[in-house]
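Numbering (the working numbering), first residue to last: 4 to 279.
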């Protein structure tokens with residue numbers, strides 16, 4: 004129960020208490036959609052390193068997968084897979100190369116819409132809610148992911164792809180990039196159309212994190228979703244001083260799906276949602 008949707012907050016509280024390298028293999032729960040890639044109960048491998056950049060944790064994933072392949076590979080189980088190192092690409096490069104849209108990471112929702120229209124994607128934005136009725140961050144998300152869906156073929160290949168440096172409106176719990184402040188120090192790993200992992204160079208600014216949490220609440224309210232209380236215990240731990248760190252969460256069920264060449268998450272579970 005304490006892990007909820009992720010063990011992230013509790014693990015970061017441990018980091019503020021002096022732990023330097025920690026991991027957890029956890030059962031998590033999200034009362035959201037069910038389908039080929041989603042089950043309300045799932046397994047997550049999450050880990051953190053103090054004073055290490057996100058690139059080190061990307062290498063961690065590659066080493067974990069290599070170890071699995073070398074340890075359990077058989078003709079009937081793990082098929083031949085592309086070996087690391089896997090390619091890396093920024094969100095900015097994807098938008099530039101596939102959509103001819105130049106992101107600076109700090110544009111507003113209206114500015115992003117204008118860039119999309121100038122690049123010939125006005126029709127793609129039809130049906131999006133009146134931006135004036137949405138919070139700024141929700142409006143940005145709607146436009147961004149409508150465009151993002153046009154380049155998802157980039158993620159449907161069998162070679163894993165790290166996508167990093169996300170626009171700041173999508174920063175979540177990530178700090179700004181050290182070299183490109185308009186973008187967040189965030190990475191996602193994709194393969195066969197699936198997001199396998201999500202990682203951050205972690206935000207350590209307690210005031211900024213509170214501001215983002217409060218913005219999330221405003222987003223929920225504008226969408227008519229149930230409000231949730233702020234995690235004050237987590238925010239207090241940030242105020243005490245979260246060390247510079249990076250964290251990564253890897254979806255174990257999806258990783259097994261890829262290794263076993265199966266298309267539905269129920270094929271790697273003992274019991275899917277409708278079987279309990």
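Note that CB positions come from ideal geometry on N, CA and C, so glycine has one too.
Note that the C-beta distance between residue 261 and residue 195 is below 7 angstroms. 103 is the residue among 187, 103, 31 whose C-alpha sits nearest the C-alpha of residue 124. Comparing alpha carbon positions, the residue from 201, 178, 213, 191 closest to residue 246 is 178.
Runs of the beta strand (DSSP E) lying entirely within the stretch 54-129, each at least 3 residues long, are 91-93 in chain order. Under the three-state reduction of DSSP, residue 159 is assigned to coil, being neither helix nor strand. Beyond the five residues adjoining it in sequence on each side, residue 240 comes within less than 6 angstroms, by CB distance, of 16, 19 in the same chain, given in chain order. Distance check between residue 87 and each of 155, 71, 101, 75 places 71 closest, using alpha-carbon atoms only. Where residue 200 is concerned, the enclosing beta strand (DSSP E) starts and stops at 197-204. Between residue 257 and residue 199, the CB-CB gap stays under 7 angstroms.
Per DSSP, the continuous beta strand (DSSP E) segment holding residue 188 begins and ends at 186-194.
Pairing residue 54 with residue 142, the inter-Cα distance amounts to about 35 angstroms.
Taken through DSSP and simplified to helix, strand or coil, residue 24 comes out as strand. Inside the stretch 207-258, DSSP marks whole alpha helix (DSSP H) runs of 4 or more residues at positions 209-225, 235-244, from first to last along the chain. The three-state secondary structure of residue 170, taken from DSSP, is strand. For residue 15, the enclosing alpha helix (DSSP H) has its first and last residue at 11-19.
In the structure shown, the three-state DSSP call for residue 275 is coil. Our two residues, residue 46 and residue 92, have alpha carbons roughly 27 angstroms apart in a direct line. Here the C-alpha atom of residue 183 lies approximately 47 angstroms from the C-alpha atom of residue 278. Here residue 69 is exposed: its Cβ has fewer than 16 other Cβ atoms, across all protein chains shown, within 10 Å.
Following the DSSP letters along the chain, one finds residue 177 in no alpha helix (DSSP H), marked with neither H nor E. The alpha carbon of residue 244 has as its nearest neighbour, out of 168, 221, 21, 10, the alpha carbon of 21.
Its chain contains 229, 230, 231 as the residues whose beta carbon lies nearer than 8 angstroms to that of residue 223, once the 5 sequence neighbours on both sides are disregarded; these appear in chain order.
The three-state reading of DSSP puts residue 44 in strand, counting E and B together. Secondary structure of residue 149 (DSSP, three-state): helix. Take the alpha-carbon of residue 205 and the one of residue 28: they are about 20 angstroms apart. Annotated three-state conformation of residue 269 is helix, per DSSP.
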